[in-house]
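Residue numbers (numbering that gives the first Met the number 0), protein chains in the order written: chain A, 0 to 318; chain B, 0 to 275.
Ideal Cβ positions, reconstructed from N, Cα and C, are used throughout, including at glycine.
The block underneath contains the structure these notes are about, expressed in structure tokens.
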Amino acid sequence: MKVFNNKGDKSTKIGFGEGLLSAGSRNKNLVALGADITSSVGMNIFTERYPERFFSLGIAEQNCVGVAAGLALAGKIPVFSTYGVFAALRTTDQIRISVCYNNLHVIIGGAHAGISVGPDGATHQALEDIAVMRVLPNMTVLSPCDAIQTKLAVEAAVEKLNSPVYIRFGREPVPNFTDENMEFNIGKSQLLHPGSDITIFSTGHLTWHTLQAAYLLEKQNISARVINIHTIKPIDEQAIVKAAKETGAILTAEEHQIFGGFGSAVAEVVVKNYPVPMDFIGMNDNFGESGKPDELMKKYGMTYENIISKAKDLLKRKK
Amino acid sequence: MKKIEELTFISRQIRIDVVKSLAEAGSGHLGASLGLADVFTVLYFSVLNHRPDKPLWEDRDRLILSIGHVAPVLYAALANAGYFPKQELMTLRKLGSRLQGHPGRDHGLPGIELSAGSLGQGLSVAVGMALAAKMDKKLWKVFCINGDGEMQEGSIWEAAMSAAYYKLDNLTTIVDRNKVQIDGENSDVMEIEPLVDKWKSFGWDVLLCNGNDVSKLLKVFSKAKSLSGKPKVIIAETLMGKGVKTIENNYKWHGKVPAKEDVYDFIKQINNAYNF
Numbered sequence: 000m001k002v003f004n005n006k007g008d009k010s011t012k013i014g015f016g017e018g019l020l021s022a023g024s025r026n027k028n029l030v031a032l033g034a035d036i037t038s039s040v041g042m043n044i045f046t047e048r049y050p051e052r053f054f055s056l057g058i059a060e061q062n063c064v065g066v067a068a069g070l071a072l073a074g075k076i077p078v079f080s081t082y083g084v085f086a087a088l089r090t091t092d093q094i095r096i097s098v099c100y101n102n103l104h105v106i107i108g109g110a111h112a113g114i115s116v117g118p119d120g121a122t123h124q125a126l127e128d129i130a131v132m133r134v135l136p137n138m139t140v141l142s143p144c145d146a147i148q149t150k151l152a153v154e155a156a157v158e159k160l161n162s163p164v165y166i167r168f169g170r171e172p173v174p175n176f177t178d179e180n181m182e183f184n185i186g187k188s189q190l191l192h193p194g195s196d197i198t199i200f201s202t203g204h205l206t207w208h209t210l211q212a213a214y215l216l217e218k219q220n221i222s223a224r225v226i227n228i229h230t231i232k233p234i235d236e237q238a239i240v241k242a243a244k245e246t247g248a249i250l251t252a253e254e255h256q257i258f259g260g261f262g263s264a265v266a267e268v269v270v271k272n273y274p275v276p277m278d279f280i281g282m283n284d285n286f287g288e289s290g291k292p293d294e295l296m297k298k299y300g301m302t303y304e305n306i307i308s309k310a311k312d313l314l315k316r317k318k
Numbered sequence: 000m001k002k003i004e005e006l007t008f009i010s011r012q013i014r015i016d017v018v019k020s021l022a023e024a025g026s027g028h029l030g031a032s033l034g035l036a037d038v039f040t041v042l043y044f045s046v047l048n049h050r051p052d053k054p055l056w057e058d059r060d061r062l063i064l065s066i067g068h069v070a071p072v073l074y075a076a077l078a079n080a081g082y083f084p085k086q087e088l089m090t091l092r093k094l095g096s097r098l099q100g101h102p103g104r105d106h107g108l109p110g111i112e113l114s115a116g117s118l119g120q121g122l123s124v125a126v127g128m129a130l131a132a133k134m135d136k137k138l139w140k141v142f143c144i145n146g147d148g149e150m151q152e153g154s155i156w157e158a159a160m161s162a163a164y165y166k167l168d169n170l171t172t173i174v175d176r177n178k179v180q181i182d183g184e185n186s187d188v189m190e191i192e193p194l195v196d197k198w199k200s201f202g203w204d205v206l207l208c209n210g211n212d213v214s215k216l217l218k219v220f221s222k223a224k225s226l227s228g229k230p231k232v233i234i235a236e237t238l239m240g241k242g243v244k245t246i247e248n249n250y251k252w253h254g255k256v257p258a259k260e261d262v263y264d265f266i267k268q269i270n271n272a273y274n275f
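Written as structure tokens, this is what we have:
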């Protein structure tokens with residue numbers, strides 16, 4: 000099976016901007032809504048090319064979501080993006096009623112996701128957005144693993160859906176390792192590495208760490224299957240059940256709270272269909288803090304080393 | 000345009016339908032639904048450019064009901080305008096009905112532009128629609144109905160700021176100024192005055208009007224239509240429960256409905272109010 004290499008670090012927010020530019024060049028109905036931090040979420044890549052399709056709405060996120068709903072009702076495809084903490088959490092009621100209950104094609108970009116935002120500290124580290132977005136009816140939740148995949152996710156959100164979408168991406172440059180030819184099918188997981196002893200499901204930035212962990216586990220004769228889940232909702236139930244049956248142990252990895260997050264979504268499928276021992280990599284009911292991204296990932300247990308040690312512990316619980 | 004006598008006749012009918020449908024439902028919001036009957040009459044039978052036989056006609060004016068709890072008056076107006084059979088009003092709030100307690104588009108009732116009911120959201124949606132119309136150089140207009148208690152929601156002012164910034168003169172919002180809300184008088188719950196100054200300072204054209212007087216409403220909408228360059232707000236002073244003397248201006252009737260045995264008396268009071 001293919002070994003993935005880092006083609007150079009790149010921020011997933013750049014992928015977000017590039018996706019808007021490419022989808023926007025094909026569809027003139029795509030419009031962007033900004034809440035003051037347009038360039039720090041990568042949206043400027045689109046708005047500099049198409050300024051007439053950009054609406055600056057100021058630091059008023061609740062209004063941004065409502066305006067997006069109105070634009071969608073009148074035939075536009077609005078994309079609203081700000082930091083995930085604000086995009087998903089400050090506006091939850093607006094997203095629930097004006098967007099999801101009306102089932103409108105509004106794309107919400109949750110930037111600066113995860114603890115890897117770093118020095119800004121807890122207030123700006125989105126660690127609860129997956130949980131809150133995935134509970135809303137009609138919402139699709141995308142969490143691509145690198146910049147290339149983020150671009151594909153945006154294109155799919157614009158071109159393949161006609162309903163609400165939340166796309167999560169980060170700020171720090173991270174390894175860019177997938178390629179444009181890997182198809183992005185909403186709702187379909189991606190087998191990145193074969194394995195028979197355990198399956199590690201990962202999403203977002205942690206997919207790179209998970210791959211590294213699997214390569215190292217292989218050297219210790221542990222065969223870990225790595226599956227990237229870029230669509231947290233609707234989740235690929237088939238791949239999860241298959242993994243449970245074939246490998247008998249499941250670990251999940253996400254840069255997000257364990258409670259209610261991606262791991263919980265996987266666990267819901269596992270317990271209903273084929274219960275096997277599981278464990279979770281993620282934030283353990285804590286707020287983050289200031290620090291360098293790699294320091295924080297280490298302190299809060301979200302690196303390839305943590306994945307390796309939890310995988311080994313989990314194997315001991317296997318029947 | 001319909002004559003004032005005709006509009007008055009329709010507003011009486013809408014009030015009666017509101018009372019009947021809410022009594023049948025057994026729960027809901029009577030007070031402001033009655034208070035807004037004249038505003039809805041004037042909108043659906045004079046102001047709005049719409050086609051009840053073609054609810055999704057692309058060039059229609061859009062009416063966004065932000066205060067979803069007055070759905071009964073919207074439904075009564077739509078039914079009287081011919082969007083759906085009037086007998087369906089009696090299914091309000093019942094299982095399987097297209098007439099949800101607060102408007103829900105997914106239930107398929109013709110004429111519903113937005114599922115709404117969480118206060119403070121509708122004006123933002125109206126702003127988005129008006130922006131889209133401007134972008135596409137469309138001539139259709141956007142109308143929004145807000146409540147005065149709703150002015151306490153911060154997001155209303157975010158929306159107000161953005162409408163003025165984008166000079167959305169294709170947007171008119173109507174604030175139902177009945178001065179009461181669930182807990183009592185607005186001024187006791189949270190003062191919203193000076194309301195005219197607030198809207199003016201946010202860059203809107205502000206018009207004041209007796210919201211229970213059909214002829215004055217006609218004039219104010221026509222005045223609003225003549226203004227350009229800014230979004231417009233009509234502060235419509237209404238009486239909660241208007242038409243049913245025994246409940247008028249009583250905040251306790253915000254979220255109450257008549258008992259079935261009182262329907263006859265309420266309708267009689269409405270007819271008396273119209274000298275009918």
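Any beta carbon of chain B sitting closer than 8 Å to that of residue 49(A)?
Reading the first sequence from its first residue, position 50 is the one you call residue 49(A). Answer no: the Cβ-Cβ gap between residue 49(A) and chain B never drops below 8 Å.
Does residue 237(A) pass the burial test, meaning 16 or more other C-beta atoms within 10 Å, or should it be called exposed?
Residue numbering aside, residue 237(A) sits at position 238 when the first sequence is read from its first letter. Exposed, because fewer than 16 other Cβ atoms sit within 10 Å of the Cβ of residue 237(A).
Between which two residues does the beta strand (DSSP E) containing residue 101(A) stretch?
The count along the first sequence starts at 1 and reaches residue 101(A) at position 102. No beta strand (DSSP E) holds residue 101(A); DSSP gives it neither H nor E.
Looking at chain A, is there any beta carbon in it that lies within less than 8 Å of the beta carbon of residue 158(B)?
By 1-based counting over the second sequence, the position of residue 158(B) is 159. At least one chain A Cβ lies under 8 Å of residue 158(B).
Spell out the partners DSSP gives residue 192(A) in its beta bridges.
By one-based count along the first sequence, residue 192(A) stands at place 193. BP columns for residue 192(A) point to 225(A).
Own chain, CB closer than 7 Å to residue 276(A), minus 5 neighbours either side, in chain order:
Here residue 276(A) refers to the residue found at position 277 when the first sequence is read from its first residue. The residues are 248, 313, 316 and 317.
3 or more residues per run - each beta strand (DSSP E) lying fully within the stretch 136-178 of chain B
141-146 and 170-176
Would you tell me roughly how many angstroms separate the C-alpha atoms of residue 38(B) and residue 82(A), rounded to the nearest one?
Working through the second sequence from its first residue, we reach residue 38(B) at position 39. Working through the first sequence from its first residue, we reach residue 82(A) at position 83. Spanning the two alpha carbons is a distance of roughly 41 Å.
May I have the straight-line CA-CA distance separating residue 288(A) from residue 226(A), to the nearest angstrom?
Here residue 288(A) corresponds to residue number 289 of the first sequence, with the count starting at 1. Here residue 226(A) corresponds to residue number 227 of the first sequence, with the count starting at 1. The alpha-carbon atoms of residue 288(A) and residue 226(A) are separated by roughly 30 Å.
With residue 8(A) as the anchor, note down where its alpha helix (DSSP H) starts and where it stops.
Here residue 8(A) refers to the residue found at position 9 when the first sequence is read from its first residue. First-last for residue 8(A): 8-10, but that is the beta strand (DSSP E), not the alpha helix (DSSP H).
For the stretch 90-122 of chain A, which residues have a CB atom closer than 9 Å to at least one CB atom of chain B, in sequence order?
92, 93, 95, 96, 97, 100, 101 and 102
Could you tell me the distance, in whole angstroms, from the CA atom of residue 211(B) to the CA atom of residue 95(B)?
Here residue 211(B) refers to the residue found at position 212 when the second sequence is read from its first residue. Here residue 95(B) refers to the residue found at position 96 when the second sequence is read from its first residue. If I take the Cα positions, the gap works out to 34 Å.
Enclosing alpha helix (DSSP H) for residue 268(A) [first to last residue]:
Residue 268(A) sits at position 269 when you count from the first residue of the first sequence. Run containing residue 268(A): 261-272, per the alpha helix (DSSP H) assignment.
In the DSSP assignment, what residue or residues form a beta bridge with residue 200(A)?
The residue you call residue 200(A) lines up with position 201 of the first sequence. Answer by DSSP bridge pairing, in chain order: 226(A) and 251(A).
If residue 61(B) and residue 139(B) are in contact, beta carbons under 8 Å, what's the gap, nearest whole angstrom?
Here the question's residue 61(B) lines up with position 62 in the second sequence. Here the question's residue 139(B) lines up with position 140 in the second sequence. Residue 61(B) to residue 139(B), Cβ: 7 Å. Contact.
May I ask you to list, following chain order, the residues of the stretch 126-149 of chain B that have a beta carbon less than 7 Å from some beta carbon of chain A?
126, 127, 128, 130, 131 and 132
Which residues in the same chain have their Cβ closer than 6 Å to the Cβ of residue 121(B), if we skip the five residues on either side of it in sequence?
Here the question's residue 121(B) lines up with position 122 in the second sequence. Excluding residues within five positions, the ones whose Cβ falls inside 6 Å are 63, 65, 115 and 143.
Could you check whether residue 107(A) and residue 94(A) sit closer than 8 Å to each other, using their CB atoms as the reference points?
As a first step, residue 94(A) must be located in the first sequence, where it is residue number 95. As a first step, residue 107(A) must be located in the first sequence, where it is residue number 108. Yes.
Within the stretch 121-178 of chain A, note down every full alpha helix (DSSP H) run reaching 4 residues or more, in order along the chain.
128-133 and 146-158
Inter-residue Cα distance where the pair is residue 165(B) and residue 160(A):
If you number the second sequence from 1, residue 165(B) lands on position 166. If you number the first sequence from 1, residue 160(A) lands on position 161. Approximately 29 Å, taken between the alpha carbons.
Euclidean distance between Cα positions of residue 185(A) and residue 194(A)
Position 186 of the first sequence, counting from 1, holds the residue named residue 185(A). Position 195 of the first sequence, counting from 1, holds the residue named residue 194(A). If I take the Cα positions, the gap works out to 24 Å.
Does any C-beta atom of chain B lie closer than 8 Å to the C-beta of residue 75(A)?
The count along the first sequence starts at 1 and reaches residue 75(A) at position 76. Residue 75(A) counts as touching chain B.
Using a 10 Å radius around the Cβ and a threshold of 16 neighbouring Cβ atoms, would you call residue 183(B) buried or exposed?
Here residue 183(B) is taken as the residue at index 184 of the second sequence, counted from 1. So residue 183(B) ends up on the exposed side.
Indicate whether at least one CB of chain B lies closer than 8 Å to the CB of residue 66(A).
In the first sequence, residue 66(A) corresponds to position 67, counting from 1. Chain B contact via Cβ: present.
If contact means a Cβ-Cβ distance below 8 Å, which residues of the stretch 224-248 of chain B contact chain A?
none
So that I know if they touch, is there some Cβ in chain B lying closer than 8 Å to that of residue 160(A)?
By 1-based counting over the first sequence, the position of residue 160(A) is 161. No, because no Cβ of chain B sits closer than 8 Å to the Cβ of residue 160(A).
Taking only beta-carbon positions, decide if residue 22(A) is within less than 8 Å of chain B.
For the purposes of this step, residue 22(A) is taken as the residue at position 23 of the first sequence. Closer than 8 Å: no.
Mind checking who residue 82(A) pairs with in its DSSP beta bridge?
Stepping through the first sequence from its first residue, residue 82(A) is reached at position 83. For residue 82(A), which the question treats as bridged, DSSP gives the partners 110(A).
So with Cβ pairs under 8 Å, would you call residue 264(B) a contact of chain A?
Sequence index remark: in the second sequence, residue 264(B) carries index 265 (1-based). Closer than 8 Å: no.
In the DSSP assignment, the alpha helix (DSSP H) including residue 264(B) goes from what residue to what residue?
For the purposes of this step, residue 264(B) is taken as the residue at position 265 of the second sequence. From DSSP, the alpha helix (DSSP H) with residue 264(B) extends over 262-272.
Please confirm if residue 69(A) has its CB atom under 8 Å from at least one CB of chain B.
The count along the first sequence starts at 1 and reaches residue 69(A) at position 70. For residue 69(A), the answer is yes, since a Cβ of chain B falls inside 8 Å of its Cβ.
Pull the bridge partners of residue 14(B) from the DSSP assignment, please.
Residue 14(B) sits at position 15 when you count from the first residue of the second sequence. DSSP, once it has assigned bridges, lists no residue as partnering residue 14(B).
If the criterion is Cβ atoms closer than 8 Å, does the pair residue 62(A) and residue 22(B) meet it?
As a working mapping, residue 62(A) is identified with position 63 in the first sequence. As a working mapping, residue 22(B) is identified with position 23 in the second sequence. No. Outside cutoff.
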